[in-house]
Every structure is written in structure tokens, then in C-alpha cells.
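**Q** Numbering (the UniProt record's numbering), first residue to last: 1 to 211.
Provided herewith is a single structure, encoded as C-alpha cells, for subsequent inquiry.
The following block contains the structure:
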């Protein structure tokens with residue numbers, strides 16, 4: 001049970017990227033009054049949490065209705081998470097936590113930053129949604145493990161909210177080097193989790209044996 005909670009926390013923390021989101025939040029809300037920044041942070045976190053809970057609980061059943069098996073879901077999810085982990089480890093400019101130039105320009109022009117780009121795609125992006133679906137699939141219908149996964153998501157989103165509220169102080173005291181180090185550490189952990197999911201999917205498909 002503790003292992004499930006720890007794995008879920010690590011996976012969500014790595015794919016949601018609270019620290020990276022906080023740094024971008026500070027950039028997007030530069031010059032915005034403090035009360036308004038708090039409202040944006042609260043709304044963004046709430047919307048992202050709702051998206052991730054729904055994708056975690058409903059994503060797997062929906063895919064099964066489409067004929068996607070659990071091993072296939074584990075294999076695909078493992079590949080996606082491994083790609084994200086490699087981006088994190090090597091700090092590639094194309095990291096999932098960065099916005100494309102058109103997205104960044106639109107973000108600067110939109111009035112409601114809470115919805116775009118904060119809630120999605122920064123917090124509740126494809127990687128985090130894929131992670132939730134994969135973790136729910138790994139629970140294999142075990143209600144306790146699924147509850148631990150949702151609880152871990154709640155903890156990660158709570159940490160995210162705190163970091164967003166402290167974003168301007170965080171960006172001031174946390175340099176680029178420290179951010180890169182933290183990203184690489186969680187990238188390595190996420191890579192291990194992704195490979196384990198990939199192995200489980202291949203074993204479940206009968207293509208290989210983990211014996």
C-alpha cells in the first residue's frame with residue numbers, strides 16, 4: 001500500500017511538474033496584484049485537479065470500451081512516461097513542461113490564465129493524464145490502491161498550490177541550476193517507473209516472461 005502511494009506521488013510529481021509550473025506562473029503573473037494571483041492559482045489548481053481525477057478514474061474504462069487491454073495500456077503508458085523522463089533527465093528544450101512559441105504568445109494575451117496555459121496543458125497535460133490512467137490500470141480494480149493513487153494526486157496538487165502561491169519567492173531564490181537538478185532526479189525516478197510499467201505490459205501480453 002505504501003509502495004503504491006509512493007509510486008503514485010513520484011509519478012504525479014514528475015509529470016505535473018509543480019516547480020516548473022511555479023516558475024512559469026511567476027513569469028505569467030508578473031505585475032498582477034497579489035489577491036488576483038491567489039485567485040488564479042486556486043482556480044488553476046482546482047481545474048487541473050478535476051481534469052486529472054476524471055482522467056484517472058474514467059480513462060481506463062473508456063479505453064477498455066474501445067477494446068484496449070490493460071497490458072496494451074501499461075505498455076503505451078510506459079513508453080509515453082519514458083519519453084517524458086528522458087526529456088527531464090537531459091533537460092531538453094522540447095520538454096513537456098515548456099510551451100511552444102504560439103502557446104506562449106496566446107498565454108500572454110488571454111485574460112484567464114488559470115484555464116490556459118496553467119490548468120492545461122502545464123498542470124494537467126498529456127503526460128500527467130497518461131500517468132493517472134496508467135496508475136489506475138496498475139491498481140487492477142483494487143479499491144484501496146486506487147484510493148491511494150487519488151490521495152497521492154491530491155497531495156501533489158496541494159504541493160502545487162502552495163508552490164504557485166509562493167511562485168515569485170520561489171523563482172527569486174531557486175536558481176536555474178537547482179531547478180535542473182530537481183528535474184533530473186525526478187526524471188530518473190520516473191524513467192524507472194516507466195520501464196517497470198513497460199515490463200508489466202509486455203509480460204501481461206504474453207510476449208515476454210518476467211520469470
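Ideal Cβ placement from N, Cα and C applies to all residues, glycine included.
Just so we're clear, the structure is a prediction, and the values are computed from it rather than from any experiment.
Can you tell me whether residue 12 is buried or exposed, with buried defined as 16 or more other CB within 10 angstroms of its CB?
**A** Buried, because 16 or more other Cβ atoms sit within 10 Å of the Cβ of residue 12.
**Q** Would you kindly check if the distance between the Cβ of residue 150 and the Cβ of residue 53 is under 8 angstroms?
**A** The answer is yes: Cβ separation under 8 angstroms.
**Q** Rank 136, 131, 118 and 144 by C-alpha distance to the C-alpha of residue 160 and give the top, closest one.
**A** With distances taken between Cα atoms, residue 160 lies closest to 118.
**Q** Counting Cβ pairs, one atom from each stretch, are 3 or more of them under 8 angstroms apart for the region 124–139 and the region 3–20?
**A** Judged by Cβ distances under 8 angstroms, the region 124–139 makes contact with the region 3–20, as three or more pairs qualify.
**Q** If you drop the 5 nearest sequence neighbours on each side, which residues of the same chain put their C-beta closer than 6 angstroms to that of residue 44?
**A** Counting only Cβ-Cβ distances below 6 angstroms, and skipping sequence neighbours, we find 114, 118 and 119.
**Q** Distance, Cα to Cα, residue 163 vs residue 174?
**A** Computed Cα separation, rounded: 12 angstroms.
**Q** Please state whether the Cβ-Cβ distance between residue 179 and residue 19 is less than 8 angstroms.
**A** Yes, the Cβ-Cβ distance between residue 179 and residue 19 is below 8 angstroms.
**Q** Identify whether residue 1 lies in helix, strand or coil by the three-state DSSP scheme.
**A** In this structure, residue 1 counts as coil in the three-state DSSP scheme.
**Q** Helix, strand or coil for residue 94 per DSSP?
**A** Low per-residue confidence applies at residue 94: pLDDT is 47, beneath 50, and the placement is therefore not dependable, though the value from the model is reported in the following sentence. Coil.
**Q** At the level of alpha carbons, what is the spacing between residue 126 and residue 75?
**A** Distance between the alpha carbons of residue 126 and residue 75: 16 angstroms.
**Q** Taking residue 85 as the reference, which of 187, 145 and 193 has the closest Cα?
**A** When only C-alpha atoms are compared, the closest one is 187.
**Q** Look at the alpha carbon of residue 34 and the alpha carbon of residue 145, and state the distance between them as a whole number of angstroms.
**A** Spanning the two alpha carbons is a distance of roughly 39 angstroms.
**Q** Taking only three categories from DSSP, how would you classify residue 142?
**A** If DSSP states are grouped into helix, strand and coil, residue 142 belongs with coil.
**Q** Short check: CB of residue 8 to CB of residue 152, under 8 angstroms?
**A** Yes, these two residues count as a Cβ contact at 8 angstroms.
**Q** Near residue 26, which residues of its chain fall below 6 angstroms by C-beta distance, leaving aside the five closest residues on each side in sequence?
**A** Closer than 6 angstroms at the Cβ level, and outside the excluded window around residue 26, lie 167, 168 and 171.
**Q** For residue 191, tell me which candidate among 141, 154 and 87 has the shortest Cα-Cα distance.
**A** Nearest option by C-alpha distance: 87.
**Q** Considering just the uninterrupted stretch of the alpha helix (DSSP H) at residue 191, what are its terminal residues?
**A** Where residue 191 is concerned, the enclosing alpha helix (DSSP H) stretches over 176–205.
**Q** To the nearest angstrom, how far is it from the Cα of residue 28 to the Cα of residue 206?
**A** Going from the Cα of residue 28 to the Cα of residue 206 covers about 48 angstroms.
**Q** So for residue 151, helix, strand or coil by DSSP?
**A** Correct three-state label for residue 151: helix.
**Q** Where does residue 29 fall in DSSP's three states?
**A** DSSP places residue 29 in coil when its eight states are reduced to three.
**Q** Return yes when the Cβ of residue 79 is within less than 8 angstroms of the Cβ of residue 202, no when it is not.
**A** No.
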